[in-house]
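In our numbering, the protein residues as written are 1 to 166.
Positions of the beta carbon are idealized from the N, C-alpha and C atoms, including for glycine.
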């Protein structure tokens, strides 16, 4: 199962949106404290709509506890400072993709230990960064694409008609 890791997220609406993406994609969410909100807050659940109850989520006291409880995890560090494009790496089915807090990203001390696994989404040089929930969706769907969207519904259905009518 694919894993999204949020290091010290600050904005509950972003985390709620990311939680909804995780439910929709069968992805596990890992939240590393301190956070700028409580996961019990209405704003997180509102952003995740009625999907939050289905979310596979684990909360950790700090980054060290996350590493301790996920030994040997292959972690990609999504950052605007990354050397590799997010689409140029090969994601295993159980990869961990970490994103930093909205105001500062992943600390450089952590990034320096993961130079080869630091990935970035190319963007116009005049912009600082993308919204966190958008970044998560972009990278998660690339990882899922590389794994042939395993376990996901690949074809949609019409509500009032059938595709066979065409």
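Which one of the options has the shortest CA to CA distance from residue i?
i: residue 135; options: 113, 101, 108, 158; result: 101
i: residue 25; options: 104, 2, 35; result: 2
i: residue 37; options: 13, 70, 50, 138; result: 13
i: residue 73; options: 51, 22, 5, 161; result: 5
i: residue 148; options: 32, 33, 90, 54; result: 90
i: residue 174; options: 88, 16, 57, 32; result: Nothing can be reported for residue 174, as the shown portion of the chain is limited to 1 through 166.
Taking just the CA atoms, how far does residue j sit from residue i?
i: residue 150; j: residue 143; result: 11 Å
i: residue 79; j: residue 106; result: 7 Å
i: residue 113; j: residue 77; result: 10 Å
i: residue 69; j: residue 160; result: 47 Å
i: residue 67; j: residue 23; result: 23 Å
i: residue 10; j: residue 154; result: 33 Å
i: residue 130; j: residue 158; result: 33 Å
i: residue 141; j: residue 166; result: 29 Å
i: residue 162; j: residue 110; result: 51 Å
i: residue 123; j: residue 137; result: 15 Å
i: residue 16; j: residue 56; result: 13 Å
Would you call residue i buried or exposed, if buried means 16 or more other Cβ atoms sit within 10 Å of its Cβ?
i: residue 8; result: buried
i: residue 82; result: buried
i: residue 30; result: buried
i: residue 128; result: exposed
i: residue 117; result: buried
i: residue 104; result: exposed
i: residue 156; result: exposed
Q.
Three Cβ pairs or more, each shorter than 8 Å: is that satisfied between the stretch 78-95 and the stretch 50-61?
A. no
Q. For the stretch 97-131, which segments carrying the beta strand (DSSP E) assignment without a break, of at least 3 residues, lie completely within its bounds, in sequence order?
A. 118-120
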